[in-house]
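Heads up: the sequence shown begins at 152 in our numbering, then just goes up one per residue. What follows is one structure encoded as structure tokens, with my remarks underneath.
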Amino acid sequence: MIVSPHDRYGSDVLSGDWRAPRRGRSVDLPAETGTVVEEVETGWVGAVVRVEKAGGMHVVHLEDRRGRVKAFPLGPGFLVDGRPVTLTKPVAAAAALAEARQASARTASGSVAVHDAVARVARGSRIYVEGRHDAELVEKVWGDDLRIEGVVVEMMDGVDDLAAIIADFQPGPGRRLGVLVDHLVPGTKEARIVEQARALPGLAQHVKVLGHPYVDVWQSVRPARLGWDRWPVIPRGTSWKHGICAALGWPHETQTDIAHAWKRILGTVRTYADLEPTLLASVEELIDFVTEPAA
Numbered sequence: 152m153i154v155s156p157h158d159r160y161g162s163d164v165l166s167g168d169w170r171a172p173r174r175g176r177s178v179d180l181p182a183e184t185g186t187v188v189e190e191v192e193t194g195w196v197g198a199v200v201r202v203e204k205a206g207g208m209h210v211v212h213l214e215d216r217r218g219r220v221k222a223f224p225l226g227p228g229f230l231v232d233g234r235p236v237t238l239t240k241p242v243a244a245a246a247a248l249a250e251a252r253q254a255s256a257r258t259a260s261g262s263v264a265v266h267d268a269v270a271r272v273a274r275g276s277r278i279y280v281e282g283r284h285d286a287e288l289v290e291k292v293w294g295d296d297l298r299i300e301g302v303v304v305e306m307m308d309g310v311d312d313l314a315a316i317i318a319d320f321q322p323g324p325g326r327r328l329g330v331l332v333d334h335l336v337p338g339t340k341e342a343r344i345v346e347q348a349r350a351l352p353g354l355a356q357h358v359k360v361l362g363h364p365y366v367d368v369w370q371s372v373r374p375a376r377l378g379w380d381r382w383p384v385i386p387r388g389t390s391w392k393h394g395i396c397a398a399l400g401w402p403h404e405t406q407t408d409i410a411h412a413w414k415r416i417l418g419t420v421r422t423y424a425d426l427e428p429t430l431l432a433s434v435e436e437l438i439d440f441v442t443e444p445a446a
């Protein structure tokens with residue numbers, strides 16, 4: 152179309168991308184760790200901390216400046232510097248997948264995996280934990296390491312009779328005992344029981360009792376795995392596990408409900424990075440203790 156310089160309608164109003172949104176068209180952006188974006192619907196602003204597949208879809212986890220983390224479906228609906236973007240799987244994910252397939256892949260505890268290794272015959276030494284949930288968590292994160300080292304984890308069903316449990320084990324050379332205790336903080340019943348057990352004569356060389364400060368081993372799972380900033384405080388007089396299930400909106404009337412809740416929490420744990428450092432340090436030290444050559 153030829154236009155006269157004096158033509159008051161000298162431009163084609165339909166030319167160009169006239170349907171483009173006010174902020175421009177969305178462009179693809181890999182959701183690399185540290186990328187700061189805004190979720191349009193909620194206004195949540197945060198840095199990408201990870202991308203994972205959950206419930207058949209990919210989700211991106213965004214951490215705000217206060218350390219709170221929320222998950223959103225990966226895809227459109229985000230802004231960067233006010234411009235729309237569609238978040239895609241990070242480019243680094245492909246490299247990470249290839250690395251995971253290398254012979255140097257690591258176990259859930261962070262140790263280098265030993266492929267095609269046969270489990271070692273069990274040592275005389277043992278690690279004792281309070282209950283089933285403790286044992287299942289240790290197995291999930293450290294199971295590969297423990298089988299290679301020949302270490303068996305056993306349940307005590309509580310620590311009220313810890314001194315008797317230790318005496319019954321008969322620790323000695325080549326038969327060390329490591330014990331992991333819940334809620335081991337000054338002034339608690341557990342602290343008094345452990346002090347009595349540590350006072351048993353002649354056993355210090357062959358027994359090590361360590362613990363973590365959490366009310367229950369559930370609490371050693373990082374709360375961000377459940378979408379929380381921190382674990383809720385459950386009022387005195389309320390069963391801690393029942394209170395946690397209620398806060399999550401999960402059934403909690405029966406012991407079966409509690410068991411199912413733990414399975415859901417345990418299912419969020421992928422590696423040692425999903426656990427609190429205090430638990431990690433205690434378990435690692437106990438494994439080292441019972442596997443020392445002099446044990």
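Virtual Cβ for every residue (Gly too), placed ideally from N, Cα, C.
Rounded to whole angstroms, what's the CA-CA distance from residue i to residue j? Just pull it up for me.
i      : j      : result
Val420 : Val236 : 30 Å
Pro402 : Ile409 : 8 Å
Gln321 : Trp391 : 34 Å
Thr186 : His212 : 11 Å
Val188 : Ala424 : 24 Å
Val289 : Val366 : 17 Å
Glu192 : Gly228 : 7 Å
Trp382 : Asp311 : 26 Å
Ile416 : Leu377 : 8 Å
Glu190 : Val196 : 6 Å
Ala375 : Gly418 : 13 Å
His411 : Arg274 : 33 Å
Ala245 : Thr407 : At Ala245 the pLDDT is 49, less than 50, meaning the model places this residue with poor confidence and gives no usable figure here.
Asp319 : Val304 : 16 Å
Val384 : Gly309 : 23 Å
Glu341 : Asp285 : 16 Å
Gly400 : Glu300 : 40 Å
Ala205 : Thr339 : 39 Å
Pro386 : Trp413 : 20 Å
Is it the case that the Cβ atoms of residue i and residue j are separated by a distance below 8 Å?
i      : j      : result
Ile395 : Trp369 : yes
Val358 : Ile316 : no
Val302 : Ser276 : yes
Ile278 : Leu313 : no
Val360 : Arg349 : yes
Phe223 : Val202 : no
Glu214 : Val200 : yes
Met306 : Gly282 : yes
Leu180 : Thr239 : yes
Quick one, which of the options has its alpha-carbon nearest residue i's?
i      : options                        : result
Val231 : Val280, Val178, Gly275         : Val178
Val441 : Ser390, Pro324, Asp319, Thr193 : Pro324
Glu404 : Arg277, His393, Val220         : His393
Leu331 : Pro352, Leu431, Arg176, Gly197 : Leu431
Val434 : Gln406, Gly294, Gly194         : Gly294
Lys221 : Arg234, Gly194, Gly233, Gly207 : Gly194
Met208 : Arg219, Gly226, Arg387         : Gly226
Arg234 : Arg387, Thr339, Arg176, Thr422 : Arg176
Gly218 : Ala198, Ile299, Ala205         : Ala198
Does residue i pass the burial test, meaning 16 or more other C-beta atoms within 10 Å, or should it be called exposed?
i      : result
Pro241 : buried
Ala270 : Residue confidence is low: Ala270 scores 48 on pLDDT, short of 50, so the model does not pin down where it sits. No coordinate-derived value is stated.
Glu443 : exposed
Glu346 : exposed
Ala259 : buried
Val280 : buried
Arg327 : buried
Asp439 : exposed
Ala251 : Confidence at Ala251 is low in this model, with a pLDDT of 48, below 50, so its placement is unreliable and the value that follows should be read with caution. Flag for Ala251 reads exposed.
Taking residue i and residue j to be in contact with their CB atoms under 8 Å, please state how far apart those CB atoms are, rounded to whole angstroms.
i      : j      : result
His363 : Thr429 : 5 Å
Ser371 : Leu426 : 6 Å
Using a Cβ-based criterion (distance less than 7 Å to any ligand heavy atom), does residue i qualify as near the ligand FAD?
i      : result
Pro322 : Because no ligand of any kind appears in the structure shown, any question about the ligand FAD cannot be addressed here.
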